[in-house]
Structures are given as C-alpha cells and as structure tokens.
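Trainee:
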Amino acid sequence: MGSCCSKKCDNKPSMNTNSPREIIFNGIFKNNPILIQVLGICSTLAVTNVLKNTVVMGVALIFVCSFSSFIVSLLRKLIPSRVRMMAEILIIATGVILVDIMLKAHIPEVSRELGPFVGLIITNCIVMGRCEAYALGNSPFKSMIDGAANAVGYALVLVVIAVIRELLGSGSLWGVQIMGDWWTNWSIMVMAPGGFFVLAVMLWIVKGIFKEEPENG
Amino acid sequence: MDNIVLSWFTIFFSAIFTQNVLLTYYLGMCPFLGASREVKTAAGLGTAVTLVMACTTALNWLVYYYILIPLNLEYLRFIIFIIVIAAFVQIAEIVIERISEKLYLALGIFLPLITVNCAILGVCLFMVIREYTFVTTCFYGVGSGLGWMLAILAMAGIRQKMVKSKVPGPLAGAGISLIIAGIMAISFMGLAGVIK
Numbered sequence: 005m006g007s008c009c010s011k012k013c014d015n016k017p018s019m020n021t022n023s024p025r026e027i028i029f030n031g032i033f034k035n036n037p038i039l040i041q042v043l044g045i046c047s048t049l050a051v052t053n054v055l056k057n058t059v060v061m062g063v064a065l066i067f068v069c070s071f072s073s074f075i076v077s078l079l080r081k082l083i084p085s086r087v088r089m090m091a092e093i094l095i096i097a098t099g100v101i102l103v104d105i106m107l108k109a110h111i112p113e114v115s116r117e118l119g120p121f122v123g124l125i126i127t128n129c130i131v132m133g134r135c136e137a138y139a140l141g142n143s144p145f146k147s148m149i150d151g152a153a154n155a156v157g158y159a160l161v162l163v164v165i166a167v168i169r170e171l172l173g174s175g176s177l178w179g180v181q182i183m184g185d186w187w188t189n190w191s192i193m194v195m196a197p198g199g200f201f202v203l204a205v206m207l208w209i210v211k212g213i214f215k216e217e218p219e220n221g
Numbered sequence: 004m005d006n007i008v009l010s011w012f013t014i015f016f017s018a019i020f021t022q023n024v025l026l027t028y029y030l031g032m033c034p035f036l037g038a039s040r041e042v043k044t045a046a047g048l049g050t051a052v053t054l055v056m057a058c059t060t061a062l063n064w065l066v067y068y069y070i071l072i073p074l075n076l077e078y079l080r081f082i083i084f085i086i087v088i089a090a091f092v093q094i095a096e097i098v099i100e101r102i103s104e105k106l107y108l109a110l111g112i113f114l115p116l117i118t119v120n121c122a123i124l125g126v127c128l129f130m131v132i133r134e135y136t137f138v139t140t141c142f143y144g145v146g147s148g149l150g151w152m153l154a155i156l157a158m159a160g161i162r163q164k165m166v167k168s169k170v171p172g173p174l175a176g177a178g179i180s181l182i183i184a185g186i187m188a189i190s191f192m193g194l195a196g197v198i199k
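Line by line, the protein sequences are chains A and B. For the first sequence, the working numbering gives the first residue as 5, with consecutive numbering after it. For the second sequence, the working numbering gives the first residue as 4, with consecutive numbering after it.
#1: Under a three-way DSSP split, which group does V205(A) fall into?
#2: For a contact defined as C-beta to C-beta under 7 Å, what are the partners of P120(A) on chain B?
#3: Is there at least one Cβ from chain E nearer than 8 Å to I19(B)'s Cβ?
#4: Might you give, ordered along the chain, the residues of its own chain that have their beta carbon closer than 7 Å to the beta carbon of I134(A), omitting 5 neighbours on each side?
#5: Near F15(B), what residues of its chain come up, given a Cβ to Cβ distance below 6 Å and the 5 sequence neighbours on each side ignored?
#6: If you run the structure through DSSP and keep just helix, strand and coil, what is M187(B)?
#7: Could you spell out the range, first to last residue, of the alpha helix (DSSP H) harbouring S77(A)?
#8: Of the choices G178(B), S168(B), G160(B), L174(B), whose alpha-carbon is the least far from that of S39(B)?
#9: Identify, in the order they occur along the chain, each residue of the same chain with its Cβ nearer than 7 Å to the Cβ of Y107(B), setting aside the five sequence neighbours on each side.
#10: Check the DSSP bridge columns for L177(A) and list the partner residues they point to.
#11: Quick one: residues in its chain with C-beta nearer than 6 Å to the C-beta of F191(B), no 5 flanking neighbours on either side, listed in chain order?
#12: Are at least three pairs of beta-carbons, each pair with one atom in the region 41 to 60 of chain B and one in the region 151 to 169 of chain B, less than 8 Å apart?
#13: Determine whether the Cβ of F16(B) lies closer than 8 Å to any Cβ atom of chain A.
#14: For V66(B), which of helix, strand or coil comes out of DSSP?
#15: Could you spell out where the alpha helix (DSSP H) holding A159(B) opens and where it closes?
#16: Within 10 angstroms of the Cβ of M109(A), are there 16 or more other Cβ atoms? Answer buried if so, exposed if not.
#17: Work out the CA separation of M195(A) and E117(A) for me, nearest whole Å.
#18: Any residues in the region 133 to 162 of chain A with a beta carbon nearer than 7 Å to a beta carbon of chain B? Which ones, in chain order?
#19: DSSP on L39(A), reduced to helix/strand/coil?
#20: Given that L174(B) touches chain A, what residues does it touch there, using C-beta distances under 7 Å?
#21: Can you tell which of I192(A), R86(A), G175(A) has its C-alpha closest to the C-alpha of G184(A)?
#22: Under a CB-based cut-off of 8 Å, is M192(B) close to chain A?
#23: So is K146(A) buried or exposed if we call it buried at 16+ other beta carbons inside 10 Å?
#24: For V119(B), which three-state DSSP category applies?
#25: What residue range does the alpha helix (DSSP H) around Q93(B) cover?
#26: I want to verify the contact list: residues of chain A whose CB lies under 7 Å from the CB of A184(B), in sequence order.
#27: Give the range of the alpha helix (DSSP H) segment to which V194(A) is assigned.
#28: Strictly under 8 Å for the Cβ-Cβ distance: is G123(A) near chain B by that measure?
#29: If we ignore side chains and look at the alpha-carbon of each, how far apart do R169(A) and W11(B) end up?
#30: Whose C-beta lies closer than 7 Å to the C-beta of T59(B) among residues of the same chain, with five residues either side of it excluded?
#31: Report yes if the C-beta distance between L39(A) and V210(A) is below 8 Å; otherwise report no.
#32: So what does DSSP say about T27(B), is it helix, strand or coil?
#33: Closer than 8 Å by beta-carbon distance: list the chain A residues that pair up with Y78(B), in chain order.
#34: Can Y135(B) and A50(A) be called in contact, C-beta distance under 8 Å?
#35: Quick one: any contact between the region 71 to 86 of chain B and the region 91 to 98 of chain A, if contact means 3 or more CB pairs under 8 Å?
#36: CB-CB under 6 Å to L62(B), same chain, minus the five flanking residues each way: which ones, in chain order?
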C-alpha cells in the first residue's frame with residue numbers, strides 16, 4: 005500500500021466485474037484511488053487550495069484517464085509487451101497535450117495558475133495504473149468507463165479537500181466570500197502543510213469508519 | 004556580475020529548503036510514502052533522483068531552447084521531456100552497470116521507477132515556466148534533487164525511530180506519514196526568512 009507506481013500495478017489482478025454499474029461503483033467507492041489505494045496524490049494535491057482550479061484539474065484528469073484507457077485498450081493487441089510502458093506514456097501525454105491546448109484557449113487565467121500541474125497529469129500514477137491494471141485486459145468501452153470512474157473517485161476526494169482548504173484558508177468558496185467579518189483565515193490551510201494535514205485526517209476518518217468491513221477489494 | 008552569482012545561490016538554496024519540490028509542491032509523493040521505511044533505501048533513491056534530476060533538467064533545457072523553440076514545437080514539450088527522461092534513465096542504467104557493480108546494486112532497482120517520478124518532470128516544467136537561463140537551470144536541478152533527498156532521508160529517519168511508537172490503527176502507514184510531512188513542511192517554511 006502506498007508504494008508507487010506502474011511497476012507494482014501490473015501484479016494486481018484485474019477485477020472480474022462485468023456490469024458497467026459495478027465498475028463505476030468500484031472506481032468511485034470500493035477502490036477509491038486516493039483513500040483506499042493511496043496512489044497518485046503526487047501532482048494534483050498542489051492545486052487544492054483553490055476550489056475552481058481543483059474542479060478544472062479534476063475534469064482534465066477525468067478526460068485524460070478515460071481517453072488513455074480507451075486508446076490503450078483499442079491498441080492492446082498491437083502493443084508489444086516490452087514497450088508497453090512507453091506506449092502508454094505517449095498515449096497519456098497526447099491526451100494531456102490536448103487538454104493543455106484546450107485550457108489555454110478557453111480559460112487562459114486558470115491555465116496560468118495551474119502552471120506545470122496540468123502537464124504533471126502524465127506522471128500521475130492513477131492514469132498509468134488504470135492503463136496497466138485494467139485497459140490492457142479489457143474491451144475499450146469497459147476500460148473507458150473504468151478509467152472515468154476511477155478519475156471521478158479521485159476528483160471527488162480532491163474537491164472535498166479543496167472545499168475544506170479554501171473555506172478555512174481564505175473564508176471563501178469558488179472565489180465568493182462565505183465567512184463574515186468575524187472569521188480569521190487559517191492561512192496555513194492554503195499553504196503546503198494544510199494539504200498534508202487535511203488529506204491525513206481524511207484518510208484517518210475513512211479508514212476508521214470502514215475498518216470493520218472485510219477486505220475483499 | 005555579483006548579482007547573477009548571488010541569484011544562482013539563492014535559487015540553489017531555495018530549491019533545497021523554502022521551495023522544496025516535495026514539501027511545497029507535493030511532487031514525488033508516491034516514492035516518498037512508499038520507499039521511506041528505511042534510511043538505506045531512502046538514501047539510494049534520493050541519490051538516484053538527484054543524479055537524474057540534475058542531468059535531465061540541463062538536457063531538457065538544451066532540447067527545449069535549441070530544438071523545440073526554433074521548430075515552433077513548444078506544445079510537444081510534455082512528450083519530448085518524458086522521452087528525454089526515459090532515454091536518459093535507460094542509458095544511465097547501462098553506464099552505471101558497466102562502471103561499477105556496487106553502485107548498480109545500490110541504485111539499479113530505483114532507476115526504472117524514476118521515469119514516472121513526478122518530481123523530475125515537474126522540475127523540467129518549472130524551469131520552462133520560470134524562464135531560467137542554462138546555468139540557473141543547472142543550479143535549480145541539483146538543488147531540487149538535493150532538497151528531495153533531504154526530505155526523504157529525514158522522513159525515513161523519523162519513521163525508523165517510530166517503529167515502536169503506538170499510532171492509532173486507521174492512521175498507521177500513509178496517514179501518519181502525511182502528518183509528519185506536514186510538520187516537516189512547516190519547519191521548512193520557517194527557513195523562509197533566511198533566504199530571500
């Protein structure tokens with residue numbers, strides 16, 4: 005648990021789920037990438053101090069993850085297994101370039117604030133992990149749903165973190181001031197340590213609640 | 004002239020302490036949480052990251068400014084940077100294996116993992132966005148690598164000491180590591196007054 009990245013993921017057996025609904029449920033809740041697998045918090049945690057950026061980042065990640073799972077699965081019989089990692093990275097990078105150009109064209113100010121973090125989706129373990137663990141052995145349609153579901157599960161957690169951090173750290177949500185004059189900003193929350201603490205406490209709560217349940221994931 | 008030299012050192016030290024890639028930008032978290040149980044592993048991984056980071060940032064600077072910009076292909080930088088990093092790691096693995104078997108045994112297992120380390124690509128992208136010159140980039144690359152190594156070494160040291168302490172069940176593992184990282188980030192921030 006907690007060890008990265010793709011090297012480890014290929015040992016993991018693919019889930020034997022059939023119905024799309026089950027795939028979605030697994031991705032979002034039962035196997036939530038952040039809370040259960042503790043994977044891929046690398047790059048995206050950095051943008052969670054502002055809710056708007058986090059949502060944009062989440063959408064970008066959902067697109068890249070489903071796009072690359074779909075393409076990898078389409079090409080899975082053509083990619084020689086020796087170079088499959090490189091092929092996957094190239095497919096993911098193509099998706100990221102598309103997202104980057106789109107963001108620059110439509111919301112340039114958010115794109116500037118996100119800075120290098122859009123590009124860093126390439127090295128996000130979730131995207132690569134889903135390609136390795138699921139898309140290489142399943143049909144394109146199912147892989148796309150699996151990729152999207154995992155990314156949604158991931159983005160949801162980030163949004164929760166962002167809500168907590170922006171509300172406590174700046175007293176606002178989506179740039180709109182929520183807290184009144186009596187509120188004192190917890191400035192540590194918008195800085196780096198805040199992200200570590202919020203994520204740790206979330207892990208604590210989630211693991212504490214679901215500890216009794218038997219592990220069959 | 005003095006100003007330029009001074010700015011190099013400022014960037015070097017701020018990359019290690021106040022702008023630490025790991026504790027400020029959360030880059031390279033996965034190996035940080037996964038491979039920080041023992042100081043020895045952490046030292047090996049840290050050395051490998053520093054080596055690769057120092058060389059690839061310099062290489063990528065050359066590639067970006069002498070190949071991509073003249074050809075108007077800046078938007079391809081994500082793919083090109085990743086390829087340069089992957090190629091460098093492969094070559095480094097072969098060279099190290101030839102030069103010293105001892106070094107290969109110490110670093111060899113970590114090298115392939117580094118290709119997908121966010122910190123390496125992150126530093127390469129930062130140097131483009133901040134428009135550093137070549138020399139500045141070299142200082143920045145080495146400094147960031149050392150900063151990452153410092154953070155993972157400190158983390159491994161703390162975790163080794165903690166083996167016998169009682170941590171609440173659900174918090175054990177990743178949770179407590181994140182809290183330690185948070186506290187470390189606060190203490191690194193305290194150095195902000197020293198380096199302007």
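Each residue gets a CB set at the ideal place from its N, CA and C atoms; glycine is no exception.
Mentor: With the structure as the only source:
#1: Here V205(A) sits in helix by DSSP.
#2: Those are G125, L128, F129, I132, listed as they occur along chain B.
#3: Among the protein chains of the structure shown, namely A and B, there is no chain E.
#4: According to the sequence provided, residue 134(A) is Arg. The question's Ile does not apply to it. Leaving aside the five residues that flank R134(A) on each side, the residues in its chain whose CB is nearer than 7 Å to its CB run, in chain order, C69, S73, D150, G151, N154.
#5: Only F142, G146 meet the Cβ criterion.
#6: Of the three classes helix, strand and coil, the one that applies to M187(B) here is helix, per DSSP.
#7: Per DSSP, S77(A) belongs to the alpha helix (DSSP H) from 55 to 78.
#8: When each option's Cα is compared against that of S39(B), the closest is G160(B).
#9: Residues I99, E100 of the same chain have their beta carbon placed closer than 7 Å to that of Y107(B), with the five preceding and five following residues left out of the count.
#10: L177(A) has V180(A) as its beta-bridge partners, per DSSP.
#11: Excluding sequence positions up to five before and after F191(B), its CB lies within less than 6 Å of the CB of F20, N23, L26, all in the same chain and listed in chain order.
#12: Of all C-beta pairs linking the region 41 to 60 of chain B to the region 151 to 169 of chain B, three or more are shorter than 8 Å, placing the two stretches in contact.
#13: So, not an interface residue.
#14: Here V66(B) sits in helix by DSSP.
#15: Note, A159(B): alpha helix (DSSP H), 137 to 164.
#16: Contrary to the premise, residue 109(A) reads as Ala rather than Met in this sequence. Looking at its Cβ environment, which holds fewer than 16 other Cβ atoms inside 10 Å, A109(A) is exposed.
#17: Approximately 15 Å between the Cα atoms of the pair.
#18: Across the region 133 to 162 of chain A, no CB contact with chain B closer than 7 Å is found for any residue.
#19: Look at L39(A) here: in three-state DSSP terms it is coil, with no helix or strand label.
#20: Against L174(B), the close residues of chain A are W208, in the order they occur along the chain (beta-carbon pairs closer than 7 Å).
#21: Restricting attention to I192(A), R86(A), G175(A), the CA atom closest to the CA of G184(A) is found in G175(A).
#22: Chain A has a Cβ within less than 8 Å of the Cβ of M192(B).
#23: In this structure K146(A) is buried. Its beta-carbon is surrounded by 16 or more other beta-carbon atoms within 10 angstroms.
#24: It is coil, neither helix nor strand.
#25: First-last of the alpha helix (DSSP H) with Q93(B): 80 to 102.
#26: Neighbours of A184(B) on chain A, chain order: F200.
#27: Element bounds for V194(A): 191 to 194.
#28: True, the Cβ-Cβ gap to chain B drops below 8 Å.
#29: The alpha-carbon atoms of R169(A) and W11(B) are separated by roughly 34 Å.
#30: Result list for T59(B): V87, I88, F91, I123, C127, in chain order.
#31: Result yes, Cβ atoms of L39(A) and V210(A) sit closer than 8 Å.
#32: Note: T27(B) maps to helix in three-state DSSP.
#33: In chain order, I101, D104, I105 make up the part of chain A whose C-beta sits under 8 Å from the C-beta of Y78(B).
#34: Contact flag unset, no.
#35: The region 71 to 86 of chain B vs the region 91 to 98 of chain A: in contact.
#36: Around L62(B): V87.
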